[in-house]
Amino acid sequence: MSLSPQDLQRLEQALLRRRAAVLDELRRETRDEDGLLSLPSHRGESDRGVDFEMEAVDLAQSLRDAGEIQAIDAALARLRDGRYGLCTDCGEAIDAQRLLAQPAAPRCAACQQRFERTHASA
Ligand SMILES: [Zn+2]
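The numbering of the sequence shown is the working numbering, which starts it at 1016 and goes up by one.
Here's what the structure looks like:
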């Protein structure tokens, strides 16, 4: 099964909607009017340990969101230049079902598994 022009259109809409939602979330989390990440400013203050823990969690979430925006932007760029749906690692077509479930997926399932094995994080 390969992607029809209608599928591609639907996927682009899904990517744009997801991008807007994540950006919105990022702005709320960081409370920075420029939409930039604001880093915790009291790192190292021992009496603010609990607050720092909280902010560290928030920050980790914000960084994940920022990473998702990058993945979405990369997918939109691939849509524009006609490379969408091709694995960025091996160049083979990514399974359509995988893309419909995960429109920003840059890799086929096999390459993603290899990527996660080599870039394993705790
Ligand atoms: Zn691949």
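Glycine residues also receive a C-beta, built at the ideal position from the N, C-alpha and C atoms. Since the structure is predicted, the reported quantities are computational estimates derived from the model, not experimental observations.
**Cα-Cα separation between Cys1126 and Cys1102, rounded to whole angstroms** = For this step, residue 1126 is matched to residue 111 along the sequence shown. For this step, residue 1102 is matched to residue 87 along the sequence shown. Near 8 Å, if we compare the C-alpha coordinates of Cys1102 and Cys1126.
**Request:** Reducing DSSP to helix, strand and coil, say where Ala1119 ends up.
**Result:** Within the sequence shown, the letter at position 104 stands for residue 1119. It is coil, neither helix nor strand.
**Item:** Sequence-ordered residues whose beta carbon comes within less than 6 Å of a heavy atom of ligand 1
**Value:** Cys1102, Asp1104, Cys1105, Glu1107, Arg1122, Cys1123, Ala1125, Cys1126
**Message:** Please report the distance separating the alpha-carbon of Gln1028 from that of Val1072.
**Reply:** Residue numbering aside, residue 1028 sits at position 13 when the sequence shown is read from its first letter. Residue numbering aside, residue 1072 sits at position 57 when the sequence shown is read from its first letter. Rounded to the nearest angstrom, the two C-alpha atoms are 30 Å apart.
**Prompt:** With C-beta atoms as the reference, is Pro1121 less than 9 Å away from Ala1075?
**Reply:** On the sequence shown, residue 1121 is found 106 positions in, with the first residue counted as 1. On the sequence shown, residue 1075 is found 60 positions in, with the first residue counted as 1. Not in contact: Pro1121 and Ala1075 (Cβ atoms no closer than 9 Å).
**Asked** Nearest-angstrom Cα distance between Leu1115 and Leu1026?
**Response** The sequence position of residue 1115 within the sequence shown is 100, counting from 1. The sequence position of residue 1026 within the sequence shown is 11, counting from 1. Each residue's Cα considered, the two are about 7 Å apart.
**Message:** Suppose you measure from the CA of Ala1119 to the CA of Arg1043; what does that come to, to the nearest Å?
**Reply:** Your numbering for residue 1119 matches position 104 in the sequence shown. Your numbering for residue 1043 matches position 28 in the sequence shown. For Ala1119 and Arg1043, the distance between alpha carbons rounds to 23 Å.
**Message:** I'd like to confirm the pairing. Which residues does DSSP put opposite Ala1108 in its beta bridges?
**Reply:** For the purposes of this step, residue 1108 is taken as residue 93 along the sequence shown, with counting starting at 1. Answer is Leu1101.
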